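Chemist: Numbering (the working numbering), first residue to last: 11 to 225.
For every residue, glycine included, the Cβ atom is placed at its ideal position computed from N, Cα and C.
Note that the structure is predicted; figures quoted are calculated from it, not measured.
Here's a structure for you.
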């Protein structure tokens with residue numbers, strides 16, 4: 011009984027009494043426009059999901075050692091969206107960031123990495139020029155709610171850019187195990203949203219990624 015109560019209390023601490031971060035403030039800032047219409051797809055490839063966790067899972071919050079699962083729902087409270095998978099959430103954030111910079115972008119479903127021939131067919135069917143695929147190998151947060159110090163934020167994203175008629179022009183992996191400094195005055199959910207935004211912004215601001223999308 012104590013463990014159940016502890017888990018419930020920990021889950022309530024995720025959002026606390028703080029205004030949820032607006033969705034537009036969760037989008038990465040992009041300083042360039044893509045050269046042609048971009049199709050964005052995020053492939054779910056996390057080991058924890060393969061092991062049985064739902065696609066909505068993003069990590070744990072612990073209180074007195076008892077872990078409670080965190081899902082994308084804690085990040086989308088501002089839009090009252092529920093049940094989104096991590097792949098959908100990440101794809102929408104990437105697309106919104108690119109759109110704000112003037113790019114024509116569409117989010118597409120991606121179950122796996124595709125061949126260059128398949129990419130050409132997908133692009134032709136959707137009037138696109140660039141297929142941006144993100145392989146999500148790890149996107150996981152671990153928070154100790156009893157200690158406002160740092161929280162663990164692990165990411166492992168492989169970026170693949172394929173262009174119509176050119177094939178794969180970029181394949182680059184961004185993997186990091188980071189300890190993020192926590193801010194006691196903000197909610198855990200907002201801090202996870204901010205950390206996610208920063209990671210996506212790092213990827214989209216990478217010189218090679220920019221050259222592949224804008225060149």
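Is it buried or exposed for residue 53, if we count other Cβ within 10 angstroms and need 16 for buried?
Modeler: With 16 or more Cβ atoms within 10 Å of its Cβ, residue 53 is classed as buried.
Chemist: Considering Cα atoms alone, identify which of 105, 92, 59 and 136 is closest to residue 39.
Modeler: Checked all of 105, 92, 59 and 136; the closest Cα to residue 39 is 105.
Chemist: Only counting the same chain, and skipping five residues up and downstream in sequence, which positions put a Cβ closer than 8 Å to that of residue 136?
Modeler: Same-chain partners within the cutoff: 47, 49, 116 and 118.
Chemist: Rounded to the nearest angstrom, how far is the Cβ of residue 146 from that of residue 167, given a contact under 8 Å?
Modeler: With a Cβ gap of about 6 Å, residue 146 and residue 167 count as contacting.
Chemist: Considering Cα atoms alone, identify which of 204, 171, 80 and 122 is closest to residue 33.
Modeler: Considering only alpha carbons, the answer is 204.
Chemist: For residue 189, which three-state DSSP category applies?
Modeler: Strand at residue 189.
Chemist: Could you pull out every residue in the same chain whose Cβ sits closer than 8 Å to the Cβ of residue 126, ignoring the five residues on either side in sequence?
Modeler: Hits under 8 Å: 172, 177 and 178.
Chemist: Just the C-alpha distance for residue 11 and residue 95, rounded to the nearest angstrom, thanks.
Modeler: Its pLDDT being 39, under 50, residue 11 is placed unreliably in this model, and the coordinates cannot settle the point.
Chemist: Does DSSP put residue 128 in a helix, in a strand, or in coil?
Modeler: DSSP places residue 128 in helix when its eight states are reduced to three.
Chemist: What is the DSSP secondary structure of residue 55, reduced to helix, strand or coil?
Modeler: Here residue 55 sits in coil by DSSP.
Chemist: I need the boundaries of the alpha helix (DSSP H) containing residue 101, first residue and last residue.
Modeler: 96–110 is the span of the alpha helix (DSSP H), which, as asked, contains residue 101.
Chemist: Check whether the Cβ of residue 197 lies closer than 8 Å to any Cβ atom in chain B.
Modeler: Going by chain labels, chain B is absent from the structure shown, which holds only one protein chain.
Chemist: Using the beta-carbon count (16 or more within 10 Å), is residue 1 buried or exposed?
Modeler: What is shown of the chain runs 11 to 225, which leaves residue 1 out entirely.
Chemist: For residue 206, name the three-state secondary structure that DSSP assigns.
Modeler: It is helical.
Chemist: Kindly indicate the opening and closing residues of the alpha helix (DSSP H) around residue 220.
Modeler: From DSSP, the alpha helix (DSSP H) with residue 220 extends over 217–224.
Chemist: Rounding to the nearest angstrom, what Cα-Cα distance links residue 128 and residue 182 in this structure?
Modeler: Near 20 Å, if we compare the C-alpha coordinates of residue 182 and residue 128.
Chemist: Could you check how far apart the C-beta atoms of residue 139 and residue 174 are, in whole angstroms? I think they sit under 8 Å.
Modeler: Correct: roughly 5 Å between the Cβ atoms.
Chemist: Pick out whichever of 66, 155, 77 and 216 has its Cα sitting closest to the Cα of residue 197.
Modeler: Of 66, 155, 77 and 216, the residue nearest in Cα terms is 155.
Chemist: Less than 8 Å between the beta carbons of residue 70 and residue 64, yes or no?
Modeler: Result no, Cβ atoms of residue 70 and residue 64 do not sit closer than 8 Å.
Chemist: Beta-carbon separation of residue 103 and residue 201 under 8 Å?
Modeler: Result no, Cβ atoms of residue 103 and residue 201 do not sit closer than 8 Å.
Chemist: Enumerate in chain order the residues of its own chain whose CB-to-CB distance from residue 107 is below 8 Å, with the five nearest sequence positions on each side excluded.
Modeler: Counting only Cβ-Cβ distances below 8 Å, and skipping sequence neighbours, we find 37, 38, 39, 40, 210, 211 and 214.
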